[in-house]
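Novice:
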Amino acid sequence: PGDLLNKKHIQRLLDECRGHPEEHAIKLGLLKSLKRASYREEPIGHYGLSKVDYCHFTSPIRRYADLIVHRAIDSLLVNPPGEGSGGRASRAQCAEIAGQVSTSERTSASAEVESHRLKMLEWLTLSMHSADPPVFEAVITDVRKIGLMVEALEILQRGLVRRDHFPAGSWRLERHRMRYANAGGGELVLGQLIRVRVAAVNMERQQVDFHLLED
Numbered sequence: 001p002g003d004l005l006n007k008k009h010i011q012r013l014l015d016e017c018r019g020h021p022e023e024h025a026i027k028l029g030l031l032k033s034l035k036r037a038s039y040r041e042e043p044i045g046h047y048g049l050s051k052v053d054y055c056h057f058t059s060p061i062r063r064y065a066d067l068i069v070h071r072a073i074d075s076l077l078v079n080p081p082g083e084g085s086g087g088r089a090s091r092a093q094c095a096e097i098a099g100q101v102s103t104s105e106r107t108s109a110s111a112e113v114e115s116h117r118l119k120m121l122e123w124l125t126l127s128m129h130s131a132d133p134p135v136f137e138a139v140i141t142d143v144r145k146i147g148l149m150v151e152a153l154e155i156l157q158r159g160l161v162r163r164d165h166f167p168a169g170s171w172r173l174e175r176h177r178m179r180y181a182n183a184g185g186g187e188l189v190l191g192q193l194i195r196v197r198v199a200a201v202n203m204e205r206q207q208v209d210f211h212l213l214e215d
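Position one of the sequence shown corresponds to residue 1 (my numbering), numbered consecutively onward.
(1) Taking all protein chains shown into account, decide if V139 is buried (16 or more other Cβ within 10 angstroms of its Cβ) or exposed.
(2) I need the straight-line Cα distance from A200 to L160, nearest angstrom please.
(3) Alpha carbon to alpha carbon, how far is E137 from L153? Give it in angstroms, no decimals.
(4) Tell me the rounded alpha-carbon separation between K51 and G45.
(5) With a Cβ-Cβ cutoff of 7 Å, do A98 and Y39 count as a contact?
(6) In angstroms, rounded to a whole number, what distance separates the CA positions of N6 and L14?
(7) Report the three-state DSSP secondary structure of Y54 (helix, strand or coil).
(8) For a quick check, are the C-beta atoms of R197 and V189 less than 7 Å apart?
(9) Using a Cβ cut-off of 7 Å (strictly closer), state whether L153 contacts chain B.
(10) In this structure, how does DSSP classify V150 when only helix, strand and coil are distinguished?
(11) What is the rounded straight-line gap between the Cα of L4 and the Cα of P60?
(12) In three-state terms, what does DSSP make of I68?
(13) Quick check on Q157: buried or exposed, where buried means 16 or more other Cβ atoms within 10 Å of its Cβ?
(14) Do you know offhand how far Y47's Cα is from I10's?
(15) Go ahead and pull the three-state DSSP assignment for H24.
(16) Could you tell me which residues DSSP puts in a beta bridge with F166?
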């Protein structure tokens with residue numbers, strides 16, 4: 001057992017899974033478990049960089065948060081501590097600004113992801129009906145009763161391989177082993193690399209189904 005709040009435990013997990021078939025699935029699950037970063041008025045450091053003292057700062061300015069930091073530094077240079085606030089924002093004002101900037105950034109990031117997702121789905125729909133539909137290398141990221149959750153590595157598109165899109169044969173789910181197996185000794189297991197082709201695209205639900213291709 002490990003503690004996700006303990007960075008050493010996380011690093012040990014990443015080191016131990018490196019090179020194993022389950023590496024991609026573990027990293028994906030780990031990313032999903034992490035909270036989205038946000039701006040704060042308190043100096044809480046940077047979790048990912050493992051920095052106790054950290055301030056988000058870029059030059060040239062790319063975000064409003066950068067502008068706030070630039071203004072604060074400029075104010076400190078002109079009016080050092082002990083010589084008045086020099087127009088610097090109060091802690092309460094910084095807290096309000098941090099909240100607004102965090103919300104705005106999440107909104108814009110979500111819009112960017114949504115736009116990319118829709119364009120990808122449009123392209124997959126067109127490619128599915130082309131004369132030579134593309135084949136993708138994918139990794140199995142989860143094993144479920146309905147089928148396999150996979151991610152096409154080249155295009156980073158997640159989707160589902162339903163059981164009726166498996167190769168011919170009688171496949172049984174072995175949930176405790178995170179795999180499907182058949183009488184011929186074949187298996188489809190978490191972390192395995194497979195070849196897939198798009199079977200269906202649902203634009204309304206933003207879901208993709210894949211066919212599993214035999215080697």
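Built from N, CA and C at the ideal position, the CB exists for glycine as well.
Specialist: Result, derived from the coordinates:
(1) Walking along the sequence shown from the start, residue 139 turns up at place 139. Its Cβ being crowded by 16 or more others within 10 Å, V139 is buried.
(2) The residue you call residue 200 lines up with position 200 of the sequence shown. The residue you call residue 160 lines up with position 160 of the sequence shown. Their Cα atoms are separated by approximately 10 Å.
(3) Within the sequence shown, the letter at position 153 stands for residue 153. Within the sequence shown, the letter at position 137 stands for residue 137. Approximately 6 Å, taken between the alpha carbons.
(4) By 1-based counting over the sequence shown, the position of residue 51 is 51. By 1-based counting over the sequence shown, the position of residue 45 is 45. The alpha-carbon atoms of K51 and G45 are separated by roughly 5 Å.
(5) Position 98 of the sequence shown holds residue 98. Position 39 of the sequence shown holds residue 39. Result yes, Cβ atoms of A98 and Y39 sit closer than 7 Å.
(6) Start at 1 with the first residue of the sequence shown, and residue 6 comes out as number 6. Start at 1 with the first residue of the sequence shown, and residue 14 comes out as number 14. Approximately 13 Å between the Cα atoms of the pair.
(7) Within the sequence shown, residue 54 is the residue found at index 54, counting from 1. Coil at Y54, not helix or strand.
(8) Counted from its first residue, the sequence shown places residue 197 at position 197. Counted from its first residue, the sequence shown places residue 189 at position 189. Here R197 is not near V189, since their CB atoms are 7 Å or more apart.
(9) Although the question refers to chain B, the structure presented lacks it and comprises just one protein chain.
(10) Along the sequence shown, read from residue 1 onward, the residue named residue 150 stands at position 150. The answer is strand: DSSP assigns V150 an E or B state.
(11) As a working note, residue 4 is residue 4 in the sequence shown. As a working note, residue 60 is residue 60 in the sequence shown. Taking the straight line joining both Cα atoms gives about 35 Å.
(12) As a working note, residue 68 is residue 68 in the sequence shown. If DSSP states are grouped into helix, strand and coil, I68 belongs with the helices.
(13) Along the sequence shown, read from residue 1 onward, the residue named residue 157 stands at position 157. Answer is buried; the Cβ neighbour count reaches 16.
(14) As a working note, residue 47 is residue 47 in the sequence shown. As a working note, residue 10 is residue 10 in the sequence shown. Each residue's alpha carbon lies about 12 Å from the other.
(15) Here the question's residue 24 lines up with position 24 in the sequence shown. The answer is helix: DSSP assigns H24 an H, G or I state.
(16) Counting from one through the sequence shown, the residue named residue 166 turns up at place 166. None, per the DSSP bridge assignment.
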